[in-house]
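Each position in the sequence shown, counted from 1, maps to that position plus 215 in our numbering. Glycine residues also receive a C-beta, built at the ideal position from the N, C-alpha and C atoms.
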Amino acid sequence: MKRLAISLSALLVSSVAVVAADDPIAVRQSLMQAVAGAAGTSGGMLKGEIDYNPVVAKAAIATLYGVSQAYGDYFPEGSQNGDTDAAPEIWADMEGFQQALADFQADAAAAFEAAGKDGPADLTAFKAAVQPVLSNCRDCHESFRIQDD
């Protein structure tokens, strides 16, 4: 299972890397779509809307982990211009953004490790692993994403 999760994460990251050289905004958007899917699945299980499944939980965590490792590479100078929800604060406070990214990476790595080979044993273990990661998402969006009206 661990190999599968790592392979899926590697595939996700490598598939968007092809586009990176030409369009970092598109890569960021693709990565955030993957996070949205993982967060939606996680939230559904946490709310009891989706039956808990350790394999699905592991896949969601693996996606969050894979994205956390790659995401920061797609904010070169000049990529704040265009069709992006990335807030100008990212470039104005790159140190703060890098700290938010480091927090995301650390919590996602801890969740990935806690998930073990077969995924979290139960919903309680999944909740303990994934909630810090999802909290990072919310915090980063509040500070570094243009909010929809």
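Secondary structure of A302 (DSSP, three-state): coil. A check of alpha carbon separations from V348 across Q244, I361, G297 and F327 identifies F327 as the nearest. For C355 against A254, the beta-carbon gap comes to about 12 Å, at or over 8 Å, which does not count as contact. A315 and S245 do not touch by the CB rule: their CB atoms are close to 20 Å apart, not below 8 Å.
For E310, the enclosing alpha helix (DSSP H) covers residues M309 to A330. Nearest neighbour of Q362 by Cα position, chosen from T299, G334 and V282, turns out to be T299. Between the alpha carbons of S283 and I240 lies a gap of roughly 16 Å.
Judged by beta-carbon spacing, Y289 lies within the 7 Å limit of R243, meaning their Cβ atoms are closer than that value. Going by C-alpha positions, D318 is about 10 Å away from A324.
For R360, DSSP records a beta bridge to A301.
Contact check for A275 against T256 passes: the beta carbons are separated by less than 7 Å.
The Cβ-Cβ distance between G334 and A249 does not fall below 7 Å.
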